[in-house]
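Residue numbers (our numbering): 0 to 91.
Where a beta carbon is used, it is the ideal one built from N, C-alpha and C, also for glycine.
In structure tokens:
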């Protein structure tokens, strides 16, 4: 990738809420930038960046988005309905 003075974001990069990417740097492919991170240095591909320029290699087997242990959509909606019903019909 060529750097033209602004940050260059690679392919399949996840940038979390509140992250700041500053300056003419390159964020490599398949990297993750953590919540609230301040990044002013190049991030190699397949890395996790967090804090202020803290960078670690990313485990290629770990997907930060997909979690196979997450409950399904129907289970989540049912749990939400249960909470709403308890709120609307408190025990006497």
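Which residue from the options puts its Cα closest to that of residue i?
i, options, result
"residue 8", "51, 28, 18", "28"
"residue 50", "41, 42, 33", "33"
"residue 53", "70, 19, 78", "19"
"residue 46", "36, 90, 31", "31"
Does the Cβ-Cβ distance between residue i and residue j come in under 8 Å?
i, j, result
"residue 13", "residue 38", "no"
"residue 24", "residue 10", "no"
"residue 56", "residue 26", "no"
Where DSSP assigns a beta bridge to residue i, which residues make up the other side?
i, result
"residue 92", "Because the chain in this structure spans residues 0 to 91, residue 92 falls outside the shown range and cannot be described."
"residue 53", "49"
Considering just the uninterrupted stretch of the alpha helix (DSSP H) at residue i, what are its terminal residues?
i, result
"residue 59", "Residue 59 -> no alpha helix (DSSP H), and no H or E assigned at all."
"residue 80", "72-87"
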